[in-house]
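Reviewing the structure listed below.
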Amino acid sequence: MKTAHLLFVVLSDCQVEGERSVLLPCLYSGFIPEDSTVIWTLNDLVPKPVHLRGKGGDDLNGQIQQYKGRTSMNPYALITKDFTLTLRRPTKTDSGNYTCSISAGESERRLRSIQLHIKGQTLKPAVLIGQTSVLQTKVRQIVLQVKGQCCKLRSEVNVVDTGQSNFFNVSPQNHFHPGP
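Going left to right, the sequence shown walks through residues 1 to 180 as the UniProt record's numbering numbers them.
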């Protein structure tokens with residue numbers, strides 16, 4: 001007897017404001033091969049995942065830095081087939097298209113895509129060197145290389161264009177001036 005398998009990717013839209021955590025639901029009812037891994041990604045960023053869960057537990061070594069310590073899944077996810085991701089302390093930069101997939105060997109199956117919109121958060125950038133915040137004491141000047149476009153944010157630093165491409169001069173003040 002031949003059987004046919006249908007794959008449905010469910011697209012959802014989720015908007016949140018002022019929440020301490022967000023649940024990105026992903027339930028699965030199909031067969032789970034022995035060495036499967038659940039993979040949560042954002043906007044198809046490759047190769048770094050938002051969260052990975054395998055038979056042996058979470059594998060967060062290759063996790064995107066901005067998600068360190070902020071994601072979790074049920075420890076029995078591969079048994080219960082509930083791959084829901086908890087994202088703690090969401091910020092505007094967490095907005096985007098999240099995809100839940102299951103991988104076994106060379107094959108990968110997309111299970112669900114969720115468009116997440118975080119509203120009403122003010123971002124507060126911090127500059128860290130090693131484990132020490134350079135904005136703590138008597139910092140006169142920091143030079144940051146910025147990739148992409150700069151957006152308006154309220155912050156604890158004043159950012160002024162130095163005239164050099166993609167470089168900004170940062171000095172501790174209480175307002176923000178974007179470069180041109």
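Backbone N, C-alpha and C define an ideal beta-carbon position, used for all residues, glycine too.
Checklist entry - Name the DSSP bridge partner or partners of G57? => result Walking along the sequence shown from the start, residue 57 turns up at place 57. Answer is G54, bridged to G57.
Query raised in the report: Measuring CB to CB, does L116 end up less than 8 Å from D94?
Result: By one-based count along the sequence shown, residue 116 stands at place 116. By one-based count along the sequence shown, residue 94 stands at place 94. If you check the CB distance, L116 and D94 come in under 8 Å.
Might you give, ordered along the chain, the residues of its own chain that have their beta carbon closer than 8 Å to the beta carbon of D35, omitting 5 neighbours on each side?
Taking the first residue of the sequence shown as position 1, residue 35 is located at position 35. Sequence-distant Cβ neighbours of D35 in its own chain, meaning closer than 8 Å and more than five residues away, are G54, K55, A104, G105.
Between S101 and R20, what straight-line distance do the alpha-carbon atoms span, to the nearest angstrom?
Residue 101 sits at position 101 when you count from the first residue of the sequence shown. Residue 20 sits at position 20 when you count from the first residue of the sequence shown. Using only the alpha carbons, I get a separation of about 25 Å.
Using the beta-carbon count (16 or more within 10 Å), is L52 buried or exposed? The count along the sequence shown starts at 1 and reaches residue 52 at position 52. Buried.
Could you give the first and the last residue of the continuous beta strand (DSSP E) run that contains K39? By 1-based counting over the sequence shown, the position of residue 39 is 39. Correcting the residue type first, residue 39 is Ile in the shown sequence and not Lys. Start and end: 36-42.
Contacting residues, own chain, Cβ-Cβ under 7 Å from D82 (five flanking each side not counted): In the sequence shown, counting from the first residue as 1, residue 82 sits at position 82. Correct list, in chain order: L27, N74.
Q. Hey, out of K68, T80, G69, whose CA is closest to V38's CA?
A. Within the sequence shown, numbered from 1, the residue matching residue 38 stands at position 38. Checked all of K68, T80, G69; the closest Cα to V38 is T80.
Can you give me the C-alpha to C-alpha distance between I32 and L78, rounded to a whole angstrom? To locate residue 32, count along the sequence shown from 1; it is residue 32. To locate residue 78, count along the sequence shown from 1; it is residue 78. Roughly 8 Å separates the two Cα atoms.
Taking the alpha carbon of N97 as the reference point, which residue from R89, D58, W40 has its own alpha carbon closest? Looking up residue 97 in the sequence shown gives position 97. Comparing Cα-Cα distances from N97 to each of R89, D58, W40, the minimum goes to W40.
| message | Taking its Cβ as the centre, do 16 or more other Cβ atoms sit within 10 Å of V88, making it buried, or is it exposed? | response | Counting from 1 along the sequence shown, the entry for residue 88 is found at position 88. One detail in the question is off: residue 88 reads as Arg in this sequence, not Val. It counts as exposed.
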